[in-house]
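**Student:** Per our numbering, the sequence shown starts with residue 2, numbered consecutively.
We treat Cβ as the ideally placed atom computed from N, Cα and C, and that holds for glycine.
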Amino acid sequence: MANVETSLKETMTSIEGSVGAALVDYTSGMALGTIGGGKDLDLTVAAAGNTDVIRAKARTMKELGLKEEIEDVLITMGTQYHLIRLLKSRDGNGLFLYLVLDRRNANLAMARHRLRRIEADLEL
2 MANVETSLKE TMTSIEGSVG AALVDYTSGM ALGTIGGGKD LDLTVAAAGN
52 TDVIRAKART MKELGLKEEI EDVLITMGTQ YHLIRLLKSR DGNGLFLYLV
102 LDRRNANLAM ARHRLRRIEA DLEL
């Protein structure tokens, strides 16, 4: 089992193309931990903004009567992938892992696979 800091470091080092990562509480919009980013990628602002994405999707699913759970959300941009993975563990309720990838260097399928494994090892 890994703590938040260790899990975020593993995300950056084990997922090719990683630019930044965060663990986010979508009930408050607060980032519980961040790594990477930079002057062009403020992960605390991204955490708050992506909280709105998750809330909107959950609201839409409820209105549609969908009984499924969100596994992850992918936002594709010209140069980046933004991957939001909702945590499924009992302790992770209300949290998501947020990962920004450089599209030129990333393998999206492998990134999703690694993020699932990091989630499974994360201890809150």
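Use the C-beta contact count for Arg56: other C-beta atoms within 10 angstroms, 16 or more gives buried, fewer gives exposed.
**Tutor:** Answer is exposed; the Cβ neighbour count stays below 16.
**Student:** Measuring CB to CB, does Ala32 end up less than 7 angstroms from Ala48?
**Tutor:** Against a cut-off of 7 angstroms, the Cβ pair of Ala48 and Ala32 comes out as a contact.
**Student:** Cβ atoms of Ile76 and Ser8: under 7 angstroms apart, would you say?
**Tutor:** No.
**Student:** In angstroms with no decimal places, state the Cα-to-Cα distance between Leu100 and Val20.
**Tutor:** When rounded, the distance between both Cα atoms is 8 angstroms.
**Student:** Going by the beta-carbon positions, is the gap between Phe97 and Arg115 smaller than 7 angstroms?
**Tutor:** No, the pair does not count as a contact, with Cβ atoms beyond the cut-off.
**Student:** Can you give the Cα-Cα distance for Ala110 and Gly30, rounded to whole angstroms?
**Tutor:** So the two alpha carbons sit approximately 27 angstroms from each other.
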